[in-house]
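Asker: Quick note on my numbering: the sequence shown kicks off at 8 and runs consecutively.
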Amino acid sequence: MRYLYTKTHEYICIGTGKTVQVGISDYAQKELGDIVYVNLPEIGQTFSKGEVFAAVESVKAASDILGPCDGIITNVNLELDGRPELLNEDPKKNWICEAEIRGSMPTDLMSEEKYLKYIQTL
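#1: In the DSSP assignment, what are the bridge partners of M117?
#2: Please list the terminal residues of the continuous alpha helix (DSSP H) segment that includes D71.
#3: Would you decide whether Y18 is buried or exposed? Buried here means 16 or more other CB atoms lie within 10 Å of its CB.
#4: Among D71, E58, F60 and F54, which has the Cα closest to the Cα of L39?
#5: Per the contact definition of three or more C-beta pairs closer than 8 Å, is the stretch 20-31 in contact with the stretch 97-112?
#6: By Cβ distance below 7 Å, which residues in the same chain neighbour G74 in space, the five residues on each side in sequence not counted?
#7: Do you know offhand how far L123's Cα is from G51's?
#8: Could you give the DSSP three-state label for N46: helix, strand or coil?
#9: Less than 8 Å between the CB atoms is what I'm expecting for I126 and Y34, so what's the real figure, rounded?
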């Protein structure tokens, strides 16, 4: 599994094929604090890179989840519907949705190493 990150703290977990898992980074969940609600996307919903497709709310703030690429939602993590705090516990294990990538992978996504360097500058 390989993780790629956006500057807005979403990740894509690449396995095999064109289906990826999408979630928020550990940095994002720490900045948000205790997550109390996740507005999940719907299966079949399409999204574009940079477009809002989901949201999370915490005791500190609400935050939009932006599409890290162009895609279509193929699965959602329904566990988050009743237990949004799972994002605080392990945001990689508790992805928000699975999506099929449409078109090519964006070239501005960062490797985990580059992302860790990027968040040190914030």
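For glycine and all other residues, C-beta sits at the position ideal for the given N, C-alpha and C.
Since this is a predicted model, take the numbers as computed values, not measurements.
Answerer: Based on what the coordinates show:
#1: Your numbering for residue 117 matches position 110 in the sequence shown. Partner(s): Y12.
#2: For the purposes of this step, residue 71 is taken as residue 64 along the sequence shown, with counting starting at 1. First-last for D71: A69 to L73, but that is the beta strand (DSSP E), not the alpha helix (DSSP H).
#3: By 1-based counting over the sequence shown, the position of residue 18 is 11. So Y18 ends up on the buried side.
#4: Translated into positions along the sequence shown, residue 39 becomes position 32. Closest by alpha carbon: D71.
#5: yes
#6: Stepping through the sequence shown from its first residue, residue 74 is reached at position 67. For G74, where only same-chain residues beyond five positions count, the Cβ hits under 7 Å are F54, S55, K56, G57, E58 and F60.
#7: Within the sequence shown, numbered from 1, the residue matching residue 123 stands at position 116. Within the sequence shown, numbered from 1, the residue matching residue 51 stands at position 44. One C-alpha to the other measures close to 32 Å.
#8: Sequence index remark: in the sequence shown, residue 46 carries index 39 (1-based). The answer is strand: DSSP assigns N46 an E or B state.
#9: Here residue 126 refers to the residue found at position 119 when the sequence shown is read from its first residue. Here residue 34 refers to the residue found at position 27 when the sequence shown is read from its first residue. Sure, about 5 Å apart at Cβ, within 8 Å.
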